[in-house]
Amino acid sequence: MTEQAAQPAKKSKRPDKGGFRARTTARLGAVQVLYELEMNPDRMAEPAVRDYLERPPPVDPDSAEDTRIVPPDTQLLSKLVRGTTAQVSDLDAMIDGAVTAPWSPERIEPLLRCVLRAGAYELLSHGEYDTSLLIKEYMTVTDSFFSEKEPKLVNAVLDRLGKQLRG
Numbered sequence: 250m251t252e253q254a255a256q257p258a259k260k261s262k263r264p265d266k267g268g269f270r271a272r273t274t275a276r277l278g279a280v281q282v283l284y285e286l287e288m289n290p291d292r293m294a295e296p297a298v299r300d301y302l303e304r305p306p307p308v309d310p311d312s313a314e315d316t317r318i319v320p321p322d323t324q325l326l327s328k329l330v331r332g333t334t335a336q337v338s339d340l341d342a343m344i345d346g347a348v349t350a351p352w353s354p355e356r357i358e359p360l361l362r363c364v365l366r367a368g369a370y371e372l373l374s375h376g377e378y379d380t381s382l383l384i385k386e387y388m389t390v391t392d393s394f395f396s397e398k399e400p401k402l403v404n405a406v407l408d409r410l411g412k413q414l415r416g
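Residue numbers (the working numbering): 250 to 416.
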């Protein structure tokens, strides 16, 4: 065996292109749970998170694309849902103040508002993540649900909030 063969393979710093990374999946899952809570206001956050985590991730066997989904960072998902639901009024006020024409707060549909709430919460409460990384992550999450102008709105609103909250 040569010296080269005995060395462990170096891990790539790039995420697997076939699936989301654990934190991205957590953010996507948090938005899904937040939307479920928005549509079912009597539902409590903790059981909704638990139910989400117990469901197997969807896979489309007919898809030509690699549909593997990395399991979510469960701690991040729980923190995002708990924190966002605890501060929803403050987050909505921040979001409404950051929305500019042609959008208006009334025009933002519930699912998109859930994306913005989670992103705003992370900008406010999770300083360990770079602003540009969070904006990119939430644009990726938005792309999972929308394909038109919504990702641009998320970019603009979170960029404005990032500058306000983080300087």
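All residues carry an ideal CB built from backbone N, CA and C; glycine is no exception.
{"Asked": "CA-CA distance, Ser396 and Glu295?", "Found": "30 Å"}
{"Asked": "Between which two residues does the alpha helix (DSSP H) carrying Ala335 extend?", "Found": "323–335"}
{"Asked": "Could you give the uninterrupted runs of the beta strand (DSSP E) lying entirely in the stretch 266–292, keeping only those of 3 residues or more?", "Found": "none"}
{"Asked": "Check Glu397 in the structure and name its three-state DSSP category.", "Found": "coil"}
{"Asked": "Please state the DSSP three-state secondary structure of Thr391.", "Found": "helix"}
{"Asked": "Thinking C-alpha only, which one of Thr333, Leu325, Gly411 is nearest Val364?", "Found": "Thr333"}
{"Asked": "Output the distance between the C-alpha atoms of Asp345 and Ala405, rounded to the nearest integer angstrom.", "Found": "12 Å"}
{"Asked": "I'd like to know whether the C-beta atoms of Gly416 and Ile384 end up nearer to each other than 9 Å.", "Found": "no"}
{"Asked": "Under three-state DSSP, which class holds Gly411?", "Found": "helix"}
{"Asked": "Just to confirm my understanding: we take Ser327, look at its own chain, exclude 5 residues before and 5 after, and list those with CB closer than 7 Å. What are they?", "Found": "Val298"}
{"Asked": "Where does Tyr378 fall in DSSP's three states?", "Found": "coil"}
{"Asked": "Just tell me which of Met293, Pro400, Thr273, Val403 has its CA closest to the CA of Arg331.", "Found": "Met293"}
{"Asked": "What is the residue span of the alpha helix (DSSP H) that Glu295 lies within?", "Found": "294–303"}
{"Asked": "Please go through the same chain and pick out, in chain order, the residues whose beta-carbon is closer than 7 Å to the beta-carbon of Pro321, but skip the five residues on each side of it.", "Found": "Ala271, Thr274, Ala275, Gly278"}
{"Asked": "Just the Cα atoms here: how many angstroms apart are Lys401 and Asp300?", "Found": "31 Å"}
{"Asked": "Output the distance between the C-alpha atoms of Met288 and Ile357, rounded to the nearest integer angstrom.", "Found": "15 Å"}
{"Asked": "For Thr391, count neighbouring Cβ atoms within 10 angstroms of its own Cβ and tell me buried if that reaches 16, exposed if not.", "Found": "buried"}
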